[in-house]
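No gaps in the numbering here: position 150 of the sequence shown is 197 in my numbering, and each next residue is one more.
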Amino acid sequence: YKYPILIAAILFILAGTALVVRFIFGGPEDSWICVNDQWVKHGNPRNPAPQSGCRANTPKTNAQNPRPGEFSNGQLYSTFKTENFEIKYPNWPNIDKSKVAGADAIKVAVANAGCNFIIKETTVAPDTTLSAYVDQAINGAGSSIKMNKKEITGDRGYLDGDVTMSGVTMKNVSLEFKTGNNIYGIAFVAEKNNFSAACEPLVNEVSESAIVSK
């Protein structure tokens, strides 16, 4: 079957800056997606199927302790690591960087089954607080974003917001981490009515995997 595409650009907050992404409902356009634990081709992807295995990102019942390299629902993960920050993220097909504005700051961009996942690194002055930085960005976005929840505790933050364009509402959950003069924004984005199934099962485990050093 064919996935419809949202042609309009979607504006949302990620690590305190505006980011424009063209999202694809149901999975990445012209790429490989994980369906029933197998890579399935959609469109005409330029790259061959990933060599790694895949797991559908749906929760398992009676889940046992996760095996090495997997989240508790069986989804394989990779690790993003810098000198002062580390976090696990789902091992999904890459998003075409041409769909993302400000691609130079994007360190990871992957998608699967309607969930888009992005890691962005932003450099700020060392004395900039995460709270002030996020507040400035939200105020700058104006009415384009409806904030459902904002929690900032020291150098960690949690943002939950919606943006509606062309009659479609997208939900964004962004995890924010500040260390030194870097802010790392970890965003899960999906069509709102699909977020709980496509993205939510992994949000907590990704957040809990973060290791931040000063």
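The beta carbon of each residue, even a glycine, is placed where N, CA and C say it ideally should be.
| Comparing alpha-carbon positions, which option in D202, T170 and R114 lies nearest K261? | That would be D202, whose Cα lies nearest to the Cα of K261.
| field | I166 and Y231 closer than 9 Å at C-beta | value | yes
| query | If you pair each beta-carbon of the segment 174–182 with each one of the segment 241–249, do three or more pairs fall below 8 Å? | reply | no
| field | Expected contact under 8 Å - CB spacing of T263 and N141 to nearest Å | value | No answer is possible for residue 263: it lies beyond the span of the chain, which begins at 48 and ends at 261.
| query | If you check the beta carbons only, do Y136 and T126 fall under 9 Å apart? | reply | Yes. Within cutoff.
| task | With a cut-off of 8 Å on the beta carbons, I'd call V181 and I199 a contact; round off their distance for me. | result | 6 Å
| What is the rounded straight-line gap between the Cα of L249 and the Cα of V171? | 28 Å
| query | Is the closest heavy atom of the ligand GDP to the C-beta of G227 under 8 Å? | reply | As far as ligands go, the structure on display features none, and thus does not contain the ligand GDP.
| Can you tell which of E247, I258 and A257 has its C-alpha closest to the C-alpha of Q272? | Lying before the first or after the last residue shown, residue 272 is absent from the chain, which here runs from 48 to 261.
| Closest residue to N228 among R114, A160, T169 and P115 (Cα-Cα distance) | T169
| task | Can you grab the Cα-Cα spacing for the pair S254 / N195, in whole Å? | result | 18 Å
| request: In the DSSP assignment, find the unbroken alpha helix (DSSP H) run with V253 in it and report its ends. | output: E247 to E255
| task | Identify the continuous beta strand (DSSP E) that holds S125 and give its terminal residues. | result | Note, S125: beta strand (DSSP E), Y124 to K128.
| N-terminal and C-terminal residue of the beta strand (DSSP E) that D151 is part of | From DSSP, D151 is part of no beta strand (DSSP E); its letter is neither H nor E.
| query | Exposed or buried, K218, counting other C-beta atoms within 10 Å across all chains shown (16 or more means buried)? | reply | buried
| message | By DSSP's criteria, N131 is part of a beta bridge. Which residues make up the other side? | response | For N131, which the question treats as bridged, DSSP gives no partner whatsoever.
| Beta bridge counterpart(s) of V171 as assigned by DSSP | According to DSSP, V171 bridges with nothing at all.
| field | When F164, N138 and P115 are compared against V236, the one with the closest alpha-carbon | value | F164
| task | Name the two residues that bound the continuous beta strand (DSSP E) containing A160. | result | From DSSP, A160 is part of no beta strand (DSSP E); its letter is neither H nor E.
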